[in-house]
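Note sheet for the following structure.
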Amino acid sequence: AQRVTQPEKLLSVFKGAPVELKCNYSYSGSPELFWYVQYSRQRLQLLLRHISRESIKGFTADLNKGETSFHLKKPFAQEEDSAMYYCALSGGAFKYIFGTGTRLKVLA
Amino acid sequence: DAGVIQSPRHEVTEMGQEVTLRCKPISGHNSLFWYRQTMMRGLELLIYFNNNVPIDDSGMPEDRFSAKMPNASFSTLKIQPSEPRDSAVYFCASRTTGMNTEAFFGQGTRLTVV
C-alpha cells in the first residue's frame, strides 16, 4: 500500500531558525516524491521534487530510502515561508497521494 | 493556458440537495485527480482518471459520491444527497503521465452543506 505520513500538523519556529518538516512514505517500488506548498488563499503548487535535487526558496529535501523519509529543510526560516506544506508520492497505476499536511508558522 | 479551472468557487447548499462540482483540466494532461481537503484529514484522494477512464475510486467515501469524465476536457464530482459532513474544499488536479511530473491544481471549490 502507498502511504505518506506527515506527523506534525503544526510547526512554529522563529524567524531565522532552522526548519525541518517531516515526511515518511510507504511504497514497495521506486518512489517519486514531491513537496507542495499552499500559501494563504492560493492554490497548491509544486515546491520541489526529489529527482531534481534542487533548492527552491532555500528549501531542500533528500530522499532517504533506508529510512523511507523525504524531510523538507531550510536553514533559516523567513516569515513568508508561513504556509501549508504537503508531501506527495507518485507510485504505481498513476496514483498521486498526499500526506495530511503540516502548517508552518514563522514567528517574527 | 488558464490552468486547471474549477467551478463553482463556493457552494452553499442544504442537506439532502444534489451538488455538482466541475473541473476543466489543462489541455494535453491525461491524468485527472479529485481531492478533498479538511483540517482533520488533509488532502484525501477521492478518485483519479487516466485517459478519461476511472482507475481507482477507493477513496470515494460513500455511494453518495460519484465522478465522471465524459471527455478529456471535463470532469464532474457529484454528491447526492449532500450531508453537513461533506463540507470541505474539493480540489481537482491534472498532470501528464510520465516520470516525476507535476500535478497542477485548480483553485478549489469550497462546499458548505447546512
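Residue numbers (our numbering), protein chains in the order written: chain A, 1039 to 1146; chain B, 295 to 408. Here a beta-carbon is modelled for each residue, glycine too, at the ideal position from N, C-alpha and C.
Taking 8 angstroms as the upper bound for CB-CB distance, B:Met309 and B:Glu377 are in contact here, some 6 angstroms apart. Between B:Val298 and B:Phe399, the C-beta spacing is below 9 angstroms. Proximity of B:Asp351 to chain A, defined by a Cβ-Cβ separation below 9 angstroms, is not satisfied. Judged by their CB atoms, A:Glu1105 and A:Arg1087 are not nearer to each other than the 9 angstroms cut-off.
The beta carbon of B:Met393 sits closer than 9 angstroms to some beta carbon of chain A. For the beta strand (DSSP E) assignment, the uninterrupted runs of no fewer than 3 residues enclosed by the region 1046-1073 of chain A are, from N- to C-terminal side, 1048-1052, 1057-1059, 1062-1064. By the neighbour-count criterion, in which a residue is buried when 16 or more other Cβ atoms sit within 10 angstroms of its Cβ, B:Ala387 is buried.
Among the residues facing chain B, A:Ser1090 is included, as its CB has a counterpart in that chain under 9 angstroms away. B:Ser369 carries a strand assignment under DSSP once its states are collapsed to helix, strand and coil. Taking 9 angstroms as the threshold, the shortest C-beta distance from A:Phe1097 to chain B does not fall below it. A:Gln1116 places its beta carbon 9 angstroms or farther from that of B:Gly336.
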